[in-house]
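Everything on this sheet refers to the single structure shown next.
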Amino acid sequence: MKKLCSLLACVLIGTSVWGADVKNLSLEMCETSALDFSPAVKAAQAQAAAAQAAYEGTRGNLYPSLYLDAAGSWTSEVPQLQVGPQTFEFGSEWGYSVGPTLEYVLFDNGARSSASHSAQAAYQSKLAEYNLARKQLLLQVRQAYFSVQRDLENLFLLSEQLKVTRKQLADVRSAYKAGAKSRRDVLLAEKQSLRTAVDASSARAQLAGDLRDLFKLTGTDYGIDPHYPLDWRVREKLDGETSAVIRADDPAKTVQRFAPFAQLTFDEDTPRLAAFDGLIQSYEYAARGYAAALWPRVGLSAGAYAQYPNGPIQEDVFLGKAGLSMRFPLFEGKKNRSQARSQEQAAEAAREQKRDTQEALKALFLSAKDSLGALDIETRLANQLADKADQSARLTYQAYNAGVVTFLEVDDANLSALQSRIMLNELNIRRLNGLAVLDSLGK
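Take any residue in the sequence shown, note its place counting from 1, add 417, and you have its number in the numbering used here.
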């Protein structure tokens, strides 16, 4: 017997009461799919990789450069000197020179170093933007998934309420046939049942829209046709053809998973602010680089070459060369000074933008944290309200059967019980959204 029950349980896990396959839709799988798919995340990753390559390129300027120089020449006339009857040629019509050349900047007042640091800071900024894109995507996916959880829970609550209203309608019709109830009671019971059915259909339409929003983020629909879906727990027959039966994470368990985030504090180095830090440093180092261009630049070059001819002598020769050069800017129309000032002002603008963004993010974090305290109280009271409303609905129906109250009061009590459960579900989803914000901005 136990084996038979276990087998039936396994079958029910994979199929709904109406025989359709149950599609599992977990938050974890949605997060993974979204991170793998997101064009915004991929673009941010590519930008970070490009910034890294640019940094490695500027860092290479700090090292000596080694080249292979090769040159060939031909001239139509070679200088000659007539000494008596003998003619001497100075050089040759054909010539070549080939060999390695080493170049190195001995002094530039930190211009190359500043350029390297500027590129490195820009790379760190892009890396922070990549991390920001991931965090923002996770927050969007979570909030979209929470909406689906809310819709599924509301749909289940409405189906349970529909079951109650249909049972009450059947009772009223039986009593009417027996002469114990009026036609008005039957009409009120029918109205109550139809209204609940309409609300259930509306909930399915809302679920369809929220599923499409979620699938737009994940890049896949997991084989779920979202146009008229149903929650897997629904046992009451609903109107319309069901496109998919869905099992999502239990909202209560999701709340437990996210509960530790309530203890987080605001992250002063959250990726959005870290991106500003890198940008500010990039501007500051760029300003130093332009300022350094006002100083002399001293360079060294050295090489060893195989050459022909050896000046005026027509012979192959292997020789070494070395040289020292200096370039001092005498006039450049304030170009570098203006560029340095421009970068300094850009750094100041980014610093102010960071300060403004920091205050906004901190206010958002604290607001989400404050709301959790109020939600705790509201949830506790809403639980009590839902229990009282359920009891009231049952007692009101008993009183109706005893002829003490009208069916209008039964309808009102049932509606109040349903609304209290839906409100409790909404509070749980609001709590999840607040915890997700804390996770996105906290540490």
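The beta-carbon is built from N, C-alpha and C at its ideal position, and this holds for glycine as well.
Quick caveat, the model's predicted, so the values are computed rather than measured.
Sequence-distant residues of its chain with Cβ nearer than 7 Å to residue i (five each side left out)
| i | result |
| --- | --- |
| Lys543 | Gln464, Ala465 and Ala468 |
| Ala461 | Glu546, Tyr547 and Ala550 |
| Leu429 | Caution is warranted here: a pLDDT of 47 is assigned to Leu429, below 50, making its placement in the model unreliable, and the coordinate value is therefore given only provisionally. Once the five neighbours on either side are set aside, Leu429 has no close Cβ partner at all. |
| Asp648 | Leu569, Leu572, Phe573 and Ile663 |
| Asn800 | Leu841 |
Own chain residues within Cβ distance below 6 Å of residue i, not counting five before or after
| i | result |
| --- | --- |
| Tyr707 | Asn753, Gln756 and Ala757 |
| Tyr484 | Thr518 |
| Ser837 | Leu802, Ala803 and Ala806 |
| Asn441 | Arg664 |
| Glu701 | Ala764 |
| Ser514 | Ala488, Tyr722 and Gln724 |
| Pro713 | Met743 and Phe745 |
| Gln541 | Gly695 |
| Ala661 | Lys440, Ile641, Asp642 and Pro646 |
| Phe524 | Val715 |
| Leu852 | Phe675 and Phe678 |
Per DSSP, the bridge partner or partners of residue i
| i | result |
| --- | --- |
| Thr518 | Tyr484 and Gly720 |
| Gly640 | Its beta-bridge partners do not exist; DSSP assigns none. |
| Trp491 | Trp511 |
| Asp565 | Checking the sequence, you will find Val at residue 565 rather than Asp. According to DSSP, which records beta bridges pairwise, Val565 is partnered with nothing at all. |
| Gln497 | Glu506 |
| Arg664 | Asn441 |
| Phe735 | Ala723 |
| Met743 | Val715 |
Residue i versus residue j - alpha carbon distance
| i | j | result |
| --- | --- | --- |
| Arg689 | Leu832 | 46 Å |
| Asp568 | Ser610 | 20 Å |
| Pro481 | Ala457 | 39 Å |
| Asn526 | Gly477 | 17 Å |
| Leu849 | Ala704 | 46 Å |
| Gln775 | Phe748 | 43 Å |
| Gly474 | Lys552 | 29 Å |
| Lys772 | Phe693 | Reading off the sequence shown, one finds Arg at residue 772, where the question assumed Lys. If you take the alpha carbons of Arg772 and Phe693, they lie about 9 Å apart. |
| Val500 | Ala719 | 38 Å |
| Arg583 | Asp828 | 12 Å |
| Ala669 | Ala538 | 43 Å |
| Gly508 | Phe735 | 16 Å |
| Gln770 | Ser809 | 56 Å |
| Ser759 | Lys751 | 12 Å |
| Ser533 | Ala471 | 9 Å |
Cβ-based neighbour list, residue i, same chain, cut-off 8 Å, excluding 5 preceding and 5 following
| i | result |
| --- | --- |
| Thr682 | Gly859 and Lys860 |
| Tyr593 | Ser599, Arg600, Asp602 and Val603 |
| Phe782 | Phe683, Val854, Leu855, Leu858 and Gly859 |
Pair within 8 Å by beta-carbon distance, residue i and residue j
| i | j | result |
| --- | --- | --- |
| Ala620 | His644 | no |
| Gly716 | Glu520 | yes |
| Asp630 | Ala536 | no |
| Leu855 | Lys779 | no |
| Ser576 | Leu655 | yes |
| Tyr722 | Gly516 | yes |
| Gln566 | Ile846 | yes |
| Phe824 | Ala606 | yes |
| Thr637 | Ser857 | no |
| Ser564 | Asp616 | no |
| Leu835 | Leu792 | no |
| Ser531 | Ala777 | no |
(message) I want to know whether the segment 721 to 732 touches the segment 667 to 679 - three or more CB-CB distances under 8 Å.
(response) no
(request) Could you tell me whether the segment 765 to 780 touches the segment 693 to 708, using the rule of 3 or more Cβ pairs below 8 Å? (result) yes
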